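Some notes on the structure that comes next.
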Amino acid sequence: MRLILLVFSLIMAQGQVHANADGFIIKKDDVRNKNIKKDYNAYKNYINNHGFDTFYDPSIDYSKFSGRVTDKDPSSTVFKIQVESRNVKFLKPSDVVYFNVARNMDNDRCKGHVRASEDKYITIYAKDLEDCWGENSTLRRGTILVFDSKMLAARIKEASRYRLSLLAKKRDFTFQLNDVNKFVWGFSQKQVEVAADYDKQILELQRKKDEALNLLLSKKNDQVRLQAELIYKLDKLDQDLDFYRIEKDELYTDRWHLDKDAGLPVYDRPVPIKNSY
369 MRLILLVFSL
379 IMAQGQVHAN
389 ADGFIIKKDD
399 VRNKNIKKDY
409 NAYKNYINNH
419 GFDTFYDPSI
429 DYSKFSGRVT
439 DKDPSSTVFK
449 IQVESRNVKF
459 LKPSDVVYFN
469 VARNMDNDRC
479 KGHVRASEDK
489 YITIYAKDLE
499 DCWGENSTLR
509 RGTILVFDSK
519 MLAARIKEAS
529 RYRLSLLAKK
539 RDFTFQLNDV
549 NKFVWGFSQK
559 QVEVAADYDK
569 QILELQRKKD
579 EALNLLLSKK
589 NDQVRLQAEL
599 IYKLDKLDQD
609 LDFYRIEKDE
619 LYTDRWHLDK
629 DAGLPVYDRP
639 VPIKNSY
């Protein structure tokens, strides 16, 4: 049993060395497509202003990635694949992926359907492996697969654009938070400034109030003095008016004067009243 395990380990190691030697694993140069320029121009204006904030490089073909079979179900139709790219998190259930076995890149591609995706792992359903691996064959644990998914490339491109809007929102929220922090951290100072401003206004109003009251009191004193002077002048005018009033005198005569003027015998002065007692 130990001998069988040792032979199997040597075969797997030899296959891995052979795979690495023949370049079966996806490398950076393999996925870089220098002919892709349209997408790069679409981001050119933003990149000039903000840089590569999305970490999206249009010259890279994100549809290609490689992985290693880590587990499978008893029916050998559902496989869990470990990949080095974290971008597989954008794959969704029912997405179609095509793959080749790294040792048989010349064969046709097999078709798989994504069941689940997580950090550095995807689970796919592949019913038929005849095109890429042979008839009545299955993928063993440790088998290296090379994937091709146009849907993943579209999802990554869409995610990069959505990240631009998220970055813009983050900048807006950061600016708002900066203003809020300035207000909160400088609240005590702002409170003193506001209180001082209103105290200044209160003192100014108090000064205007005192000035208005003093002006009113001064005006009252002037009016009192003017009142006394006007009363004095009115009294003096009343005296002058009384002095210079012209009266109409009429001659009044009585019987005594008439009798005397008539030459009748009367006494020169009135006779004393006789007392009857």
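Just so you know, the sequence shown maps onto residues 369 to 645 in the working numbering.
For every residue, glycine included, the Cβ atom is placed at its ideal position computed from N, Cα and C.
Keep in mind it's a predicted model, so treat the numbers as computed, not measured.
If you run the structure through DSSP and keep just helix, strand and coil, what is residue i?
i	result
Phe541	helix
Ile614	coil
Leu585	helix
Tyr566	helix
Ser505	coil
Glu526	helix
Phe555	helix
Asn643	coil
Ala389	Here Ala389 scores only 38 on pLDDT, less than 50, and its place in the model is too uncertain to base an answer on.
Give the range of the beta strand (DSSP E) segment to which residue i is assigned.
i	result
Lys432	Lys432 to Lys440
Arg483	Cys478 to Glu486
Using the DSSP secondary-structure output, state which residues sit across from residue i in a beta bridge.
i	result
Val469	Leu513
Lys448	Asp439 and Thr491
Ile599	None, per the DSSP bridge assignment.
Val464	His481
What distance in whole Å lies between the Cβ atoms of residue j and residue i, which are believed to be in contact at a cut-off of 8 Å?
i	j	result
Thr445	Lys495	5 Å
Asn455	Tyr430	6 Å
Cys500	Phe467	7 Å
Asp487	Lys457	6 Å
Ser517	Val437	Ser517 to Val437, Cβ: 17 Å. No contact.
Val451	Asp463	So it is not a contact: roughly 14 Å between Cβ atoms.
Thr506	Leu497	7 Å
Take residue i and list the residues in its own chain whose beta-carbon comes closer than 6 Å to its own, dropping the five residues that flank it on each side.
i	result
Ser453	Phe433
Leaving out five residues on either side along the sequence, give the residues of the same chain with a beta carbon under 8 Å from the beta carbon of residue i.
i	result
Ala484	Pro461, Ile490 and Thr491
Arg509	Val437, Thr438, Asp439 and Lys440
Below 7 Å CB to CB, which residues in the same chain sit around residue i once its five sequence neighbours on both sides are set aside?
i	result
Asp476	Asp499 and Cys500
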